[in-house]
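Here is the structure we will look at.
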Amino acid sequence: MNTLDLRLEHQFFVNDFGEYYLPSVNRNTFKKIDSNTIFKQTFKDEIFQEDRLHIVIGTDSGLLLNYILMNGIPSGSKYIFIEPAAVLDILNINIDAKFQQQVKLIEIEEFAKQLANDEYDLYLIKNQYITHNSMASCDGIVEEYNTIIYNVQKQLTNLHYARNRLVRHKDFLIQQLRNIADNQYPASLLRNRFEGKSCIVIGGGPSLDEHMEWITKNYNQLFIITVSRVAAKLSKANIPAHIIVSIDPHDISFEANIDTMALAQESLLINSYHINHRILSQWQGSSLYVGPRIPWSKADSDNVSSVGPTVTNSAVRIAIELGFSTILLAGADFCHSSTGASHAKGSVEADAGLNHSRIDEWVETYAGNKAETPVELLGAAQTLQIEAANHPTVNIINLSIDAAKLEGVNYQAAETVNLMTTDMTPKQVLDLIETLIEDKSLYLDNMLTDLQLSTESLSDINKLSLQAIDLNLEIKSVSVSSKKYRNIANKISRIEEQIDNQHGKFSYLVKEYGYVEFAKFLTTKESKHWTADEMQKMTHLYYEAFKCLTEELLGYITDATNIIKTRQLELIKNVNLAELTRQWEQHNQPGRVHIFQKVRTELGLSYDDTHECLTAAKANYHTQLTAKTHSYFSMKKTNSSLHNTLAKITDLYKSKNSAGLQQLFHSIEPMIESDSLAQRLFYLAKSYVFILKEDNMAALSELQKIDEINQTEVILKQMIALASELQIIDVTVQSLAKITAFSNEYLPLYAHALTIQGDNIQAINTYLDYLDVMPNDTKVRLSLGIFLLKIGQVDGAITCFKQVLTVDINNLSALSYLKQLVPTQ
1 MNTLDLRLEH
11 QFFVNDFGEY
21 YLPSVNRNTF
31 KKIDSNTIFK
41 QTFKDEIFQE
51 DRLHIVIGTD
61 SGLLLNYILM
71 NGIPSGSKYI
81 FIEPAAVLDI
91 LNINIDAKFQ
101 QQVKLIEIEE
111 FAKQLANDEY
121 DLYLIKNQYI
131 THNSMASCDG
141 IVEEYNTIIY
151 NVQKQLTNLH
161 YARNRLVRHK
171 DFLIQQLRNI
181 ADNQYPASLL
191 RNRFEGKSCI
201 VIGGGPSLDE
211 HMEWITKNYN
221 QLFIITVSRV
231 AAKLSKANIP
241 AHIIVSIDPH
251 DISFEANIDT
261 MALAQESLLI
271 NSYHINHRIL
281 SQWQGSSLYV
291 GPRIPWSKAD
301 SDNVSSVGPT
311 VTNSAVRIAI
321 ELGFSTILLA
331 GADFCHSSTG
341 ASHAKGSVEA
351 DAGLNHSRID
361 EWVETYAGNK
371 AETPVELLGA
381 AQTLQIEAAN
391 HPTVNIINLS
401 IDAAKLEGVN
411 YQAAETVNLM
421 TTDMTPKQVL
431 DLIETLIEDK
441 SLYLDNMLTD
451 LQLSTESLSD
461 INKLSLQAID
471 LNLEIKSVSV
481 SSKKYRNIAN
491 KISRIEEQID
501 NQHGKFSYLV
511 KEYGYVEFAK
521 FLTTKESKHW
531 TADEMQKMTH
541 LYYEAFKCLT
551 EELLGYITDA
561 TNIIKTRQLE
571 LIKNVNLAEL
581 TRQWEQHNQP
591 GRVHIFQKVR
601 TELGLSYDDT
611 HECLTAAKAN
621 YHTQLTAKTH
631 SYFSMKKTNS
641 SLHNTLAKIT
651 DLYKSKNSAG
661 LQQLFHSIEP
671 MIESDSLAQR
681 LFYLAKSYVF
691 ILKEDNMAAL
701 SELQKIDEIN
711 QTEVILKQMI
721 ALASELQIID
731 VTVQSLAKIT
741 AFSNEYLPLY
751 AHALTIQGDN
761 IQAINTYLDY
771 LDVMPNDTKV
781 RLSLGIFLLK
791 IGQVDGAITC
801 FKQVLTVDIN
811 NLSALSYLKQ
821 LVPTQ
């Protein structure tokens, strides 16, 4: 069942403010109110944010593009406008040359190629891009806009995920350096400690709620390894985890784990080497790290590997390395629930509800149903399948029938699982770790020495890079065939050899850290085919990257060095509390105050525990744990937004995804009393579900529940299509009468429906109303002539056919009718 297909008319209208617009695209949006007023009210300042890549769906007949240009391009920002090809052909917009670097106008087919340009790399890497939907794309009249919204979102999501995987080394390394002071003990201390035993890995997925009762009942038989974000949920249920796992390097991880920070005396923390430093540095209990402590050292080659992409993947690897032969999964769904929930109850994500506008992938569950999943979880699921294949002797069992179905991971009901218990409490696990405070000073001294050596090597690379840059500038003015050219080229080659031979591991570190920067100037062209100019350009970019990246790394190593010195300051006899707390504040680690007090007490080192600086640090840390000002806590507002929901509904309908539509309309339902858009989308989604069930009568009935004043053009088009197919002429005519208020395009359809209903006078008047506006539409004028002939108004029919010939002198249909009616014609 298709909605009405209408032509995209090329006719522009001019409003009272001298603005040209396409009614076939924008209807009456700009008829009575000027575009400036509408755009200011709709987009406010968001569309003028600085240092952003603004991706705009539609130009609103060119008016929105002009609005941006007239107001000026914000500092550091660029714009990509995307229009359907048919609209672009009509608009024929030429962007002034002075704006062409900052503003592009393209079709959706060009979007992927456009994003591949280097000029947009930084926006995408730093997540500094934003999409805007024009007025026309929100209306949904031109259905291609829904397709564009869908494609743009999918491409951006996939590209962001792919680029993050490329650049994450930088985020990882920054946190790795900041964590050196606190990553003292490797997780390999527990390798194979639980050989042949069973454990349960608990994730934050929605199925966790289904298994809480079973976990509680069988707690004494379980060894729990949990992702950090649900550790507090377990603790509150009196089922504390044995091991808490955390890996995320980003600041949002601290916000997501603020409740977990209180569990330091209850569970062992196993963290990735690149965990966000705010978690590790302020953790008041025992911790082990996975992966390499120091980026240039192989001393940790035997440690438990740090794997991703998610913390659940890391937890499973830890369980395998610790020797567990049976690993149960709970809350590790790798997809949303049948109701659309993404996380277990009580989480910020669960409270935020289903994201009404995000368009994700769909996977099969063990129950044989389809479930929505973001691309990040899809990647995590694929990684777990590889993990299972690489460890065939480990039995990985998912306890949730609604989890994504994975090869190598079997579903089994919890009640049927046989457990091989460890007979160990979380407290006994903590006792396994010998945390000797006296070792800390020696450890910090060793780390400081390591960092000093790295500083020397990176400084040398920086100096050598500067020399190479100077030599490369010198060679530009020298003849390629001269001896001097060869001498300079040899000096540059020797610099590269010196970097590789004397500082090989640090050279590799720089290239790994700056993968994106180095990749930018790589070429598929073989070096033997490079011209002298190309060679000089490549050489300059290469050593310029080395210079800039070594300077960045030296800055982070200086930070790491200062953190170690702060740890040393915590241990000295006569500590300067003002200086110490200043360092904590500088590193954003005020929670160190609690660790400091504990360590001083254990070592018998005195200090003024009433000092105002310590009191201030405690207050600062308390604020961090309770303020909840981070955007993470505003997720509900983001998820409840309906800005892309029409595109999502359209995509789900086109892909015949009834389950997805049902999830969506159930999620929207609580909003329909207070939000007119929510009401329309709710009943439209329900209508599509019935269409997919081939129950068009029920589908029409759902649309008729929308308040009459709230029935938009999109809704009325759907009602007309359904009523026509069901041959309910009264509803068809009523809906067509309403929809003509949006556009004259519908007048011919309305007139035709009136002829079927037998209201001939009204039908003729409707045809004439349309032809007053579109006098050159020969097809409609022919239709009127044929209708007049049918009802016996021959003279009127002849007039119509003659009028057709004034526009199209060779029109065969008009000539044929006139030949029959006026033989002498």
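Each residue of the sequence shown is one higher than the last, beginning at 1 in the UniProt record's numbering.
Glycine included, every Cβ here is placed at the ideal spot set by N, Cα and C.
Please read these numbers as outputs of a predicted model, since none were measured by experiment.
Margin query: Under DSSP, the alpha helix (DSSP H) around N133 begins and ends at which residues?
Written below: Numbered from its first residue, the sequence shown carries residue 133 at position 133. Premise fails: N133 lies in the beta strand (DSSP E), 129-133, not in any alpha helix (DSSP H).
Notebook entry, point to check: What whole-angstrom Cβ distance do Q175 and H277 have, given they're in contact under 8 Å?
Noted result: In the sequence shown, the residue the question calls residue 175 occupies position 175. In the sequence shown, the residue the question calls residue 277 occupies position 277. Confirmed, Cβ separation roughly 6 Å.
Item checked: Identified DSSP bridge partners for C199 -> Here the question's residue 199 lines up with position 199 in the sequence shown. Its beta-bridge partners are I327.
Check: Counting along the chain, where does the alpha helix (DSSP H) carrying K547 start and finish?
Finding: To locate residue 547, count along the sequence shown from 1; it is residue 547. Here the alpha helix (DSSP H) through K547 covers 532-571.
Check: Cα separation between L288 and H169?
Finding: Indexing the sequence shown from 1 puts residue 288 at position 288. Indexing the sequence shown from 1 puts residue 169 at position 169. Distance between the alpha carbons of L288 and H169 is about 21 Å.
Notebook entry, point to check: If you drop the 5 nearest sequence neighbours on each side, which residues of the same chain put their C-beta closer than 6 Å to that of L65?
Noted result: Taking the first residue of the sequence shown as 1, we reach residue 65 at position 65. Counting only Cβ-Cβ distances below 6 Å, and skipping sequence neighbours, we find T59, F81.
Notebook entry, point to check: How do the segment 175-193 and the segment 441-450 stand: do at least 3 beta-carbon pairs fall below 8 Å, yes or no?
Noted result: yes
Notebook entry, point to check: If L754 and V733 are in contact, beta carbons under 8 Å, what's the gap, nearest whole angstrom?
Noted result: As a first step, residue 754 is located in the sequence shown; it is residue number 754 there, counting from the start. As a first step, residue 733 is located in the sequence shown; it is residue number 733 there, counting from the start. So it is a contact: roughly 6 Å between Cβ atoms.
Margin query: Closer than 8 Å is the cut-off here; do at least three beta carbon pairs connect the segment 582-599 with the segment 209-229?
Written below: no
Check: Which whole-angstrom value describes the C-beta separation of A136 and N26, a residue pair presumed to lie in contact below a C-beta threshold of 8 Å?
Finding: By 1-based counting over the sequence shown, the position of residue 136 is 136. By 1-based counting over the sequence shown, the position of residue 26 is 26. Correct: roughly 5 Å between the Cβ atoms.
Checklist line | CB contact flag (N418, I327, <9 Å) | finding: The residue labelled residue 418 in the question sits at position 418 within the sequence shown. The residue labelled residue 327 in the question sits at position 327 within the sequence shown. Contact flag unset, no.
Item checked: Nearest-angstrom Cα separation, counted from V56 out to V375 -> One-based indexing of the sequence shown puts residue 375 at position 375. One-based indexing of the sequence shown puts residue 56 at position 56. C-alpha separation (whole angstroms): 23 Å.
Note to self: Which residue wins for smallest C-alpha separation from L684, given the options E702, M697, L692, N696?
What the structure shows: Here the question's residue 684 lines up with position 684 in the sequence shown. The shortest C-alpha separation from L684 is found at E702.
Notebook entry, point to check: Which partner residues of F742 appear in the DSSP bridge assignment?
Noted result: The sequence position of residue 742 within the sequence shown is 742, counting from 1. None; F742 has no bridge partner.
Margin query: Buried or exposed for P249, going by 16 or more other Cβ atoms inside 10 Å?
Written below: On the sequence shown, residue 249 is found 249 positions in, with the first residue counted as 1. Classification of P249: buried, given that the 10 Å Cβ count is 16 or more.
Item checked: Beta carbon of D96 nearer than 9 Å to that of L63 -> Translated into the one-based positions of the sequence shown, residue 96 becomes position 96. Translated into the one-based positions of the sequence shown, residue 63 becomes position 63. Not closer than 9 Å, so no.
Check: Along the chain, which unbroken stretches of the alpha helix (DSSP H) at least 4 residues long are found entirely within the segment 754-809?
Finding: 760-773, 778-790, 794-807
Note to self: Tell me the rounded alpha-carbon separation between N127 and L53.
What the structure shows: Position 127 of the sequence shown, counted from the start, is the residue given in the question as residue 127. Position 53 of the sequence shown, counted from the start, is the residue given in the question as residue 53. Cα-Cα distance, rounded: 9 Å.
Item checked: CA-to-CA distance, S724 to A698, given in whole angstroms -> On the sequence shown, residue 698 is found 698 positions in, with the first residue counted as 1. On the sequence shown, residue 724 is found 724 positions in, with the first residue counted as 1. Distance between the alpha carbons of A698 and S724: 14 Å.
Margin query: Please state the DSSP three-state secondary structure of L22.
Written below: Locating residue 22 in the sequence shown gives position 22, counting from the first residue. Coil at L22, not helix or strand.
Next item on the list: Thinking A403 and A332 are a contact (beta carbons under 8 Å), I'd like their distance in whole angstroms, please.
Entry: Here residue 403 refers to the residue found at position 403 when the sequence shown is read from its first residue. Here residue 332 refers to the residue found at position 332 when the sequence shown is read from its first residue. Contact holds; Cβ gap of about 7 Å.
Checklist line | Outcome for K819 when other beta-carbon atoms lying within 10 angstroms are tallied against a minimum of 16 | finding: Residue mapping note: residue 819 aligns to position 819 of the sequence shown, counting from 1. Looking at its Cβ environment, which holds fewer than 16 other Cβ atoms inside 10 Å, K819 is exposed.
Item checked: Buried or exposed by the 16-neighbour rule on C-beta atoms within 10 Å, applied to P775 -> Mapped onto the sequence shown, residue 775 falls at position 775. Flag for P775 reads exposed.
Checklist line | Burial state of E517 (16 or more Cβ within 10 Å) | finding: The residue given as residue 517 occupies position 517 in the sequence shown. Buried, by the Cβ-count rule.
Checklist line | Cα-Cα separation between T650 and H752, rounded to whole angstroms | finding: Indexing the sequence shown from 1 puts residue 650 at position 650. Indexing the sequence shown from 1 puts residue 752 at position 752. Going by the C-alpha atoms only, they are around 28 Å apart.
Check: Out of curiosity, what's the CA-to-CA distance linking I125 and L771?
Finding: On the sequence shown, residue 125 is found 125 positions in, with the first residue counted as 1. On the sequence shown, residue 771 is found 771 positions in, with the first residue counted as 1. Looking at the two C-alpha atoms, the distance is approximately 54 Å.
Next item on the list: With DSSP as the reference, please indicate the residues paired to H54 in a beta bridge.
Entry: Within the sequence shown, residue 54 is the residue found at index 54, counting from 1. Bridge partners of H54: Y79, I130.
Next item on the list: Tell whether a beta-carbon distance below 9 Å holds between I706 and R680.
Entry: Start at 1 with the first residue of the sequence shown, and residue 706 comes out as number 706. Start at 1 with the first residue of the sequence shown, and residue 680 comes out as number 680. Taking 9 Å as the Cβ cut-off, I706 and R680 qualify as a contacting pair.
Margin query: On the CB-based measure, 16 or more other CB atoms within 10 Å of its CB, does H242 come out buried or exposed?
Written below: On the sequence shown, residue 242 is found 242 positions in, with the first residue counted as 1. Buried: at least 16 other Cβ atoms inside 10 Å.
Check: Based on the DSSP output, what are the partners of V14 in its beta bridges?
Finding: Working through the sequence shown from its first residue, we reach residue 14 at position 14. Y20.
Checklist line | Unbroken beta strand (DSSP E) run spanning W214, endpoints | finding: Counted from its first residue, the sequence shown places residue 214 at position 214. Looking at the DSSP string, W214 is not in any beta strand (DSSP E); the run it does join, the alpha helix (DSSP H), is 208-217.
Check: Helix, strand or coil: which one does DSSP assign to T339?
Finding: Your numbering for residue 339 matches position 339 in the sequence shown. Coil, per DSSP.
Notebook entry, point to check: In angstroms, rounded to a whole number, what distance separates the CA positions of K717 and N710?
Noted result: Taking the sequence shown and counting its residues from 1, one reaches residue 717 at position 717. Taking the sequence shown and counting its residues from 1, one reaches residue 710 at position 710. K717 and N710: Cα-Cα distance of roughly 13 Å.
Item checked: Member of Q114, P426, E387, V409 whose CA lies at the smallest distance from the CA of E321 -> Here residue 321 corresponds to residue number 321 of the sequence shown, with the count starting at 1. For E321, the nearest C-alpha among the options comes from E387.
Item checked: Coil, strand or helix - S272 by DSSP -> By 1-based counting over the sequence shown, the position of residue 272 is 272. The answer is strand: DSSP assigns S272 an E or B state.
Checklist line | Contact under 9 Å by Cβ, H540 with N472 | finding: For this step, residue 540 is matched to residue 540 along the sequence shown. For this step, residue 472 is matched to residue 472 along the sequence shown. Yes. Within cutoff.
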